[in-house]
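Okay, so here's the structure we're looking at.
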Amino acid sequence: MSYEEIYQVTTVKDAFILGRLLSHELTTLSNLPDVLRIYQDIRLPVATQISQRAASTGYMYDFVAPGYYDGKDRSEEEEGLARLKDAINENWDWLAQEGSLSEWTEAERRLKELASQP
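Under the working numbering, the first residue of the sequence shown is numbered 11, with each subsequent residue one higher.
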């Protein structure tokens, strides 16, 4: 998956959480700022991490990531490319752990908590 595709997936996940929060029966005009804060608290750290990893991976794809194979010294090309491949794969391992449903569960829990406050 390219780093551009990661941004597209992230946009869908953002829309999933935000859309469900905004359309939830407990969301009102008066608590909207707090609802948006819940969204921000849940999605901003994820978006920040995605942005950082996408930038790092982009540098790796372009062979300009500091500390990784850049194609200049071809004497260790195979080992350098293997390290680079492993780093790219590791950079996206967290994708399998990310879950929009678990984020939604947390967002809904916080929304219910907010709505129960006097």
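Yeah, the Cβ is synthetic: ideal placement off N, Cα and C, and Gly gets one too.
message = Taking a contact to mean a Cβ-Cβ separation below 9 Å, would you say residue 136 touches residue 117 in this structure?
response = Residue 136 is absent from the structure shown; the chain starts at 11 and stops at 128.
query = Going by C-alpha distance, which of 78, 61, 55 and 79 is nearest residue 18?
reply = By alpha-carbon distance to residue 18, the top candidate from 78, 61, 55 and 79 is 61.
query = In its own chain, which residues sit with a C-beta less than 7 Å from the C-beta of residue 75, not counting the 5 before and 5 after it?
reply = If we look at residue 75 and ignore the five residues flanking it on each side, its Cβ neighbours are 66 and 69.
task = Go through its chain and collect everything with a Cβ distance to residue 37's Cβ below 8 Å, but skip five positions before and after it.
result = The answer, listed in chain order, is 31, 45 and 121.
request  = Ignore the nearest five residues each way along the sequence and tell me which others in residue 114's own chain have a CB closer than 8 Å to its CB.
outcome  = Within the same chain, residue 114 has close Cβ partners 26, 27 and 30.
key: Contact check, residue 71 vs residue 98, beta carbons under 9 Å   = Yes. Within cutoff.
ask   = What residues in its chain sit with their C-beta under 7 Å from that of residue 16, if we drop five residues either side in the sequence?
value = Cβ neighbours of residue 16 beyond the five flanking positions: 60 and 64.
Delimiting residues of the alpha helix (DSSP H) encompassing residue 59 = Run containing residue 59: 42-71, per the alpha helix (DSSP H) assignment.
query = Contact check, residue 53 vs residue 24 under 8 Å by CB: the rounded distance?
reply = 6 Å between Cβ atoms; contact.
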